[in-house]
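Residues 37 to 104 in the working numbering are what the sequence shown spells out, letter by letter. Cβ atoms here follow ideal geometry from the backbone N, Cα and C, with glycine treated the same way. A quick note: this is a predicted structure, and the numbers were derived from the prediction, not measured. What follows is a set of notes on a single structure, which appears directly below.
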Amino acid sequence: MVSILTSNNQVRLSFLMALLRDAGLSPVLLDAHMATMEGSAGAILCRLAVPNHEVQRAQRVLREADEL
(Lines of atoms letter the chains of each structure in order from A; the text may use other names.)
(Lines give C-alpha, C1' and ligand atoms only; values in the text may rest on other atoms or scores of the structure.)
Protein backbone atom coordinates (compact mmCIF):
# COMPACT_ATOMS: atom_id res chain seq x y z
CA MET A 37 0.00 0.00 0.00
CA VAL A 38 1.16 3.49 -0.85
CA SER A 39 -0.20 6.65 0.75
CA ILE A 40 -1.20 9.09 -1.99
CA LEU A 41 -2.85 11.84 0.07
CA THR A 42 -3.24 12.96 3.69
CA SER A 43 -6.06 15.05 5.13
CA ASN A 44 -8.17 15.55 8.23
CA ASN A 45 -11.23 16.52 6.16
CA GLN A 46 -13.52 13.48 6.43
CA VAL A 47 -15.95 14.77 3.79
CA ARG A 48 -13.18 15.21 1.22
CA LEU A 49 -11.69 11.80 2.06
CA SER A 50 -15.08 10.14 1.64
CA PHE A 51 -15.54 11.84 -1.74
CA LEU A 52 -12.07 10.78 -2.90
CA MET A 53 -12.64 7.19 -1.76
CA ALA A 54 -15.85 7.09 -3.82
CA LEU A 55 -14.11 8.67 -6.81
CA LEU A 56 -11.33 6.08 -6.73
CA ARG A 57 -13.75 3.19 -6.24
CA ASP A 58 -15.84 4.39 -9.20
CA ALA A 59 -12.63 4.26 -11.27
CA GLY A 60 -12.25 0.58 -10.36
CA LEU A 61 -9.48 1.11 -7.79
CA SER A 62 -9.15 -0.26 -4.25
CA PRO A 63 -8.51 2.69 -1.91
CA VAL A 64 -8.05 2.25 1.84
CA LEU A 65 -8.29 4.90 4.54
CA LEU A 66 -5.48 4.55 7.10
CA ASP A 67 -5.36 6.11 10.59
CA ALA A 68 -9.07 7.02 10.55
CA HIS A 69 -9.67 5.60 14.03
CA MET A 70 -6.62 7.32 15.50
CA ALA A 71 -7.68 10.65 14.03
CA THR A 72 -11.17 10.21 15.50
CA MET A 73 -9.83 9.30 18.94
CA GLU A 74 -7.44 12.26 18.89
CA GLY A 75 -10.32 14.68 18.48
CA SER A 76 -10.70 17.82 16.43
CA ALA A 77 -7.21 19.30 16.87
CA GLY A 78 -6.09 17.80 13.56
CA ALA A 79 -2.76 16.53 14.86
CA ILE A 80 -3.23 13.10 13.26
CA LEU A 81 -4.07 13.07 9.57
CA CYS A 82 -5.83 10.23 7.78
CA ARG A 83 -3.94 8.69 4.87
CA LEU A 84 -5.61 7.67 1.64
CA ALA A 85 -3.71 4.68 0.26
CA VAL A 86 -3.92 2.35 -2.72
CA PRO A 87 -2.11 -0.88 -3.62
CA ASN A 88 1.31 -0.38 -5.22
CA HIS A 89 0.13 -1.40 -8.67
CA GLU A 90 -2.69 1.21 -8.62
CA VAL A 91 -0.66 4.28 -7.62
CA GLN A 92 -0.27 5.81 -11.07
CA ARG A 93 -3.92 5.27 -12.00
CA ALA A 94 -5.09 6.70 -8.67
CA GLN A 95 -2.90 9.78 -9.05
CA ARG A 96 -4.22 10.30 -12.58
CA VAL A 97 -7.85 10.05 -11.39
CA LEU A 98 -7.20 12.57 -8.60
CA ARG A 99 -5.36 14.97 -10.93
CA GLU A 100 -8.20 14.84 -13.46
CA ALA A 101 -10.61 15.76 -10.64
CA ASP A 102 -8.29 18.62 -9.54
CA GLU A 103 -7.83 16.92 -6.16
CA LEU A 104 -4.08 16.36 -6.31
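Endpoints, the beta strand (DSSP E) within which residue i is located
i: S12; result: Residue coverage of the chain in this structure runs from 37 to 104, which leaves residue 12 outside it and unanswerable.
i: L41; result: V38 to S43
i: S104; result: The question names Ser, but residue 104 is Leu in the sequence shown. From DSSP, L104 is part of no beta strand (DSSP E); its letter is neither H nor E.
i: A79; result: First-last for A79: undefined, no H or E at that position.
Burial state of residue i, where buried means 16 or more other Cβ atoms lie within 10 Å
i: E90; result: buried
i: A5; result: With the chain covering 37 to 104 only, the question about residue 5 has no answer from this structure.
i: L104; result: exposed
i: R99; result: exposed
Residue i, DSSP secondary structure in three states
i: L55; result: helix
Extent of the continuous alpha helix (DSSP H) to which residue i belongs
i: L98; result: V91 to E100
Inter-residue CB distance, residue i and residue j (contact presumed, cutoff 8 Å)
i: V86; j: A59; result: Incorrect: roughly 10 Å between the Cβ atoms, too far for contact.
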